[in-house]
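In the order they appear, the protein sequences are chains Z and S.
To convert, take the position in the first sequence, counting from 1, and add 5; that gives the working numbering.
To convert, take the position in the second sequence, counting from 1, and add 6; that gives the working numbering.
Just so it is clear, CB atoms sit at the ideal spot from N, CA and C, and this is done for glycine as well.
Take a look at the structure below.
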Amino acid sequence: MRQWWPSNLRSRLTFWYVGVLAVLLVVYATLVFAFQYVVLSKQIVHDEIQDVETVEGLLFFDSTGTLQLRQDYYSRPQSHLLIDRMMEVRDPSGIVLYRSPTLKGMSLGGPTRPGEGDADFGERLTRLDDGTHVLLISHIHGMDNRQLLIRLGYSLAPLRARMLQFLLVLLIAIPLALLMAAIAGQAIARRALRPIERMATRAEGITAKNLQDRLEILNPEDELGHLASVFNHLLNRLEQSFEQLQRFTADVAHELRTPIAALRTIGEVALEDDRGERSCKEALSSILEETSRLSETIDALLLLARAEATQGAREPKAWPLKSVVDEVLALLEVLSEEKSLNVFQEGGALGEGSIRADRGLLRTAIMNVLHNAIKFSPEGGVVRVSYSRSETDPQILQLLVQDEGAGIAKGEHDRVFERFFTSSARETAIYSGTGLGLSVAKLIIERLGGSIRFDVQATSGARCLIELPVIGREQ
Amino acid sequence: MSRILIIEDDKKMSDALASGVQAAGYDVLTAASAEEGFYLVHSRHPDLLLLDLTLPHRNGLDILRQLRQEGIDMRVLILTSHNTVEDRIAGLSTGADDYLGKPFSFPELLARIDALLRRFLPSKNEPQILIGDLRLDRKSRAAMRGGEVLELTPREFELLLYLAENTGRTVSREMLARDVWRETSRFTPIDNVIDVQVARLRKKIDDPFKIKLLQTVRGLGFSLREPQH
């Protein structure tokens, strides 16, 4: 059904352009045609009125009482309208007193109408017996105390012939003009769209291998330049995430290789070992522990993928931050008790601010941060959790977690959030987990529209500052 | 003896499952494809089906759907690495009785099989549980050992109760995380929490006594039982 519809933009543009032009031309031609017709008809009537006045002076009754038209007038130069003039003169009773030879004995306009020619010239269209259309006017003229009704008309045939000619010219000229417009339109559209074609060819050539390629921007001011720069920005982001993905894949492969190497070694050594069932069981247990670490890494990777897809603003529910922190602290309580840590919260009232989030993910983020703080705290230390509002933006809720552990090594404040990062500091190496906890936390918090960082200025222990947008009171 | 059919195309997995389930005292059949599985279902009438979802030629859910359409009354436990909430819902709504994501812990699989076949009648109705000289009172939530009342926190009591209900069996960290801590997933902090909590519980119920009831099974989990001599 849509097969007639041109598929490319260029032809569609031309199609619309020509279509609109055609409508405009037809409307214009119709108006001109009608105007021309009306003006020419008026001109005829005007000529007829003048002619009637001329004729009135030329009419006379001869000696026999017959109405005659003075013929010597013909000697003067005259328009062919005068030669074509059709005239009939009647007396009030309707008897024809004079009929011009041009009428060839036919009646002009039929019987007298009541009041005809009284007030004005009463112009009207009529048809002679031979089918000629005539535009005639009537006028009452008093002569020798007699009332004469003069009817005078001209055939419309010459006018119609002229209008027909005009119509023919239009019928030929309009399609011709449209054809030219279409050709010109195609050419203009092709020219205008050529840069897009070039861009498309260029973009088609960009694959994973040459993601660093960019589109050339001819004129940054025009729409195409804008389009190209938008496209280039897209490529920038794509290249970045592609690089990130590549790095990440390499990291994952590396991280998975380590436990698999361990599994392999344990298995091989156990098979070579002849010390019997006991050492065999020992090896199997190590293998199981190792697989459990592997599965934790995989779970963390899946969690990253899930966090990647979340977006705080789209979450239907919001949760008071403090309730989540309380829940996490309750869960981890046994760990802090074991180390006789003193965990306390400050500014709890501010913590009632609600965060729009997937509760499970928010909880995971906070759990990872608090678990780190507890893990790295020394025996009997203090973990301080405090809430505050940002000084620059009251819609930002800040959560500060401070411990008395070894703190973050110099230059590693940003790197601790990298995936699979393990600190070079010796005292933290023994605590190595999946190496994903903080990067999971960072990803989740950033997806919720917040930020997380470690205070570089902290002199003792680590100070982790989490900022999250709270939902307004009206919500 | 209850008969269990395992439909799993991975040979190693299938062999390991078969020997483990057999060792737990069940009659085991294995099938590597849907066709073989259907044949065994109709000819040997197993009581329970362990069904892998990714099979050659035919999806496990298809098999399940057909079995349910045929009106075959059989417990079905799905084992799969497709482990999202949506997969779980799809499996259960197709007619599975339970769903276990790979990798799972074997003790947990056994616990689920036992529960589905009701081999161990739930001891939940008994007001008291006795393991050696350890006595748990469900109603008063009190634990006693050798005539001494043990001072347990609510969480410790719950942990002990769960271990006691599963006495004789190894309980994995996954099971504890889900059934005692009610966490939907297992992660590093919860593992630490479980280990520390178990260590503290052990300090209270075992340290003062000569006979140790709470054992750590390395790589598997924990088990509460009277030591066999």
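- Cutoff 8 Å: Leu-491(Z) Cβ touching any chain S Cβ: One cannot answer for residue 491(Z) here, as it falls past the ends of chain Z, which runs 6 to 480.
- Quick one, which of Asp-213(S), Ile-217(S), Val-27(S) and Leu-220(S) has its alpha-carbon nearest Arg-118(S)'s? As a position in the second sequence, residue 118(S) is number 112, starting the count at 1. Here the closest residue by C-alpha is Val-27(S).
- Mind listing the chain S neighbours of Gly-438(Z)? Cutoff is C-beta to C-beta under 8 Å, in chain order. By 1-based counting over the first sequence, the position of residue 438(Z) is 433. Those within 8 Å of Gly-438(Z) in chain S are Thr-194.
- Item | Enclosing beta strand (DSSP E) for Pro-109(S) [first to last residue] | By one-based count along the second sequence, residue 109(S) stands at place 103. Taken as a continuous stretch (DSSP letters only), Pro-109(S) belongs to no beta strand (DSSP E), as it is neither H nor E.
- Taking all protein chains shown into account, do 16 or more other C-beta atoms lie within 10 angstroms of the C-beta of Gly-442(Z), making it buried, or fewer, making it exposed? If you number the first sequence from 1, residue 442(Z) lands on position 437. Its Cβ being crowded by 16 or more others within 10 Å, Gly-442(Z) is buried.
- In whole angstroms, what separates the C-alpha of Ala-362(Z) from that of Lys-447(Z)? Indexing the first sequence from 1 puts residue 362(Z) at position 357. Indexing the first sequence from 1 puts residue 447(Z) at position 442. Distance between the alpha carbons of Ala-362(Z) and Lys-447(Z): 14 Å.
- Return the CA-CA distance between Asp-408(Z) and Phe-459(Z), expressed in angstroms with no decimal places. If you number the first sequence from 1, residue 408(Z) lands on position 403. If you number the first sequence from 1, residue 459(Z) lands on position 454. Each residue's alpha carbon lies about 12 Å from the other.
- Residue from Glu-342(Z), Ala-370(Z) and Ser-112(Z) whose Cα sits closest to the Cα of Ala-312(Z): As a first step, residue 312(Z) is located in the first sequence; it is residue number 307 there, counting from the start. For the residues Glu-342(Z), Ala-370(Z) and Ser-112(Z), the minimum Cα distance to Ala-312(Z) belongs to Ala-370(Z).
- Item | Separation of Leu-207(S) from Val-223(S), as counted between CA atoms | In the second sequence, counting from the first residue as 1, residue 223(S) sits at position 217. In the second sequence, counting from the first residue as 1, residue 207(S) sits at position 201. Roughly 16 Å separates the two Cα atoms.
- Query: Trp-21(Z) by DSSP, collapsed to three states: which one?
  - Reply: Here residue 21(Z) refers to the residue found at position 16 when the first sequence is read from its first residue. Trp-21(Z): helix per DSSP, three-state reduction.
- Query: Going by alpha carbons, who is nearest to Asp-125(Z) out of Arg-132(Z), Met-111(Z) and Ile-142(Z)?
  - Reply: Position 120 of the first sequence, counted from the first residue, corresponds to residue 125(Z). Cα-wise, what sits closest to Asp-125(Z) is Ile-142(Z).
- Query: How would you list, in chain order, the residues of chain Z whose beta-carbon sits under 9 Å from the beta-carbon of Arg-224(S)?
  - Reply: The count along the second sequence starts at 1 and reaches residue 224(S) at position 218. The answer, in chain order, is Lys-286, Glu-287, Leu-289, Ser-290, Ser-291, Leu-293 and Glu-294.
- Assuming Arg-90(Z) contacts Leu-157(Z) (C-beta within less than 8 Å), just tell me the rounded distance between them. As a first step, residue 90(Z) must be located in the first sequence, where it is residue number 85. As a first step, residue 157(Z) must be located in the first sequence, where it is residue number 152. Contact flag correct, Cβ pair sits at about 7 Å.
- Message: Would Leu-166(S) and Leu-182(S) be called neighbours here (beta carbons separated by less than 8 Å)?
- Response: Reading the second sequence from its first residue, position 160 is the one you call residue 166(S). Reading the second sequence from its first residue, position 176 is the one you call residue 182(S). No, Cβ-Cβ distance for Leu-166(S) and Leu-182(S) is not below 8 Å.
- Message: Is the beta carbon of Leu-29(Z) closer than 8 Å to that of Leu-194(Z)?
- Response: The count along the first sequence starts at 1 and reaches residue 194(Z) at position 189. The count along the first sequence starts at 1 and reaches residue 29(Z) at position 24. Sequence inspection shows Ala at residue 194(Z); the Leu mentioned does not correspond to that position. Contact: no.
- Item | Sub-8 Å separation of Ala-40(S) and His-63(S) beta-carbons | Taking the second sequence and counting its residues from 1, the one referred to as residue 40(S) is at position 34. Taking the second sequence and counting its residues from 1, the one referred to as residue 63(S) is at position 57. It is a contact, given that the beta carbons lie within the stated cut-off.
- Item | For Ala-411(Z), the nearest candidate out of Pro-399(Z), Ser-429(Z), Asp-52(Z) and Arg-424(Z) (CA to CA) | The residue you call residue 411(Z) lines up with position 406 of the first sequence. The option with the nearest alpha carbon to Ala-411(Z) is Ser-429(Z).
- Query: Per DSSP, what kind of secondary structure is Ser-238(Z) in: helix, strand or coil?
  - Reply: For this step, residue 238(Z) is matched to residue 233 along the first sequence. Per the sequence shown, residue 238(Z) should be read as His rather than Ser. It is helical.
- Sequence-distant residues of the same chain with beta carbon closer than 7 Å to Leu-308(Z), five excluded per side: Within the first sequence, the letter at position 303 stands for residue 308(Z). The answer, listed in chain order, is Thr-369 and Val-445.
- Message: Give me the residue from Pro-160(S), Gly-225(S) and Leu-140(S) with the minimum Cα distance to Phe-215(S).
- Response: What you label residue 215(S) is simply residue 209 of the second sequence in a count that begins at 1. For Phe-215(S), the nearest C-alpha among the options comes from Leu-140(S).
- Residue-level contact to chain Z via CB, Gln-203(S), 8 Å cutoff: Within the second sequence, residue 203(S) is the residue found at index 197, counting from 1. Yes, because at least one Cβ of chain Z sits closer than 8 Å to the Cβ of Gln-203(S).
- Message: My output table needs one value for Lys-17(S): the three-state DSSP class, helix, strand or coil.
- Response: Taking the second sequence and counting its residues from 1, the one referred to as residue 17(S) is at position 11. If DSSP states are grouped into helix, strand and coil, Lys-17(S) belongs with the helices.
- Message: Which of the three DSSP states is assigned to Asp-278(Z) in this structure?
- Response: Translated into positions along the first sequence, residue 278(Z) becomes position 273. Note: Asp-278(Z) maps to coil in three-state DSSP.
- Query: Can you find a C-beta in chain S that's less than 8 Å from the C-beta of Val-304(Z)?
  - Reply: As a position in the first sequence, residue 304(Z) is number 299, starting the count at 1. According to the sequence shown, residue 304(Z) is Asp rather than Val. It does: the Cβ of Asp-304(Z) has a partner Cβ on chain S nearer than 8 Å.
- Task: Over the uninterrupted alpha helix (DSSP H) stretch that includes Gln-203(S), give me the two end residues.
- Result: If you number the second sequence from 1, residue 203(S) lands on position 197. Counting along the chain, the alpha helix (DSSP H) containing Gln-203(S) begins and ends at 194-211.
- Query: Comparing alpha-carbon positions, which option in Ser-465(Z), Leu-404(Z), Leu-268(Z) and Glu-357(Z) lies nearest Val-387(Z)?
  - Reply: The residue given as residue 387(Z) occupies position 382 in the first sequence. For Val-387(Z), the nearest C-alpha among the options comes from Ser-465(Z).
- Query: At which residues does the alpha helix (DSSP H) containing Ser-444(Z) begin and terminate?
  - Reply: If you number the first sequence from 1, residue 444(Z) lands on position 439. From DSSP, the alpha helix (DSSP H) with Ser-444(Z) extends over 442-452.
- Okay, do the region 189-203 of chain Z and the region 11-25 of chain Z touch, 3+ Cβ pairs below 8 Å being the bar? yes
- Query: Using the rule of at least 16 other Cβ atoms within 10 Å of the residue's Cβ for burial, across every protein chain shown, is Ala-266(Z) buried or exposed?
  - Reply: Within the first sequence, residue 266(Z) is the residue found at index 261, counting from 1. Counting Cβ neighbours within 10 Å, Ala-266(Z) comes out exposed, since fewer than 16 surround it.
- Task: Answer yes or no: does any C-beta atom of chain C fall closer than 8 Å to that of Glu-301(Z)?
- Result: In the structure shown, chain C does not exist; the protein chains are Z and S.
- Task: Report the residue from Ser-391(Z), Leu-140(Z) and Pro-106(Z) whose alpha carbon sits nearest the alpha carbon of Phe-349(Z).
- Result: Here residue 349(Z) is taken as the residue at index 344 of the first sequence, counted from 1. When only C-alpha atoms are compared, the closest one is Ser-391(Z).
- When DSSP builds the beta bridges, which residues end up paired with Gln-285(Z)? Stepping through the first sequence from its first residue, residue 285(Z) is reached at position 280. Looking at the sequence shown, residue 285(Z) is not Gln but Cys. Paired residues: none, contrary to the question.
- So, Leu-85(S) versus Ile-69(S), is the Cβ gap smaller than 8 Å? Counting from one through the second sequence, the residue named residue 85(S) turns up at place 79. Counting from one through the second sequence, the residue named residue 69(S) turns up at place 63. No.
- Just the chain S side, please: which residues come within less than 7 Å of Gly-442(Z) by C-beta, in chain order? In the first sequence, counting from the first residue as 1, residue 442(Z) sits at position 437. Within chain S, the residues near Gly-442(Z) are Thr-194.
- Query: According to a CB-to-CB cut-off of less than 9 Å, which residues of the region 333-360 of chain Z neighbour chain S?
  - Reply: Val-333, Leu-336, Leu-337, Glu-338, Val-339, Leu-340, Glu-342 and Glu-343
- Item | Cutoff 8 Å: Arg-109(S) Cβ touching any chain Z Cβ | On the second sequence, position 103 is the one that residue 109(S) refers to. It is worth fixing the name first, because residue 109(S) is Pro in this sequence and not Arg. For Pro-109(S), the answer is yes, since a Cβ of chain Z falls inside 8 Å of its Cβ.
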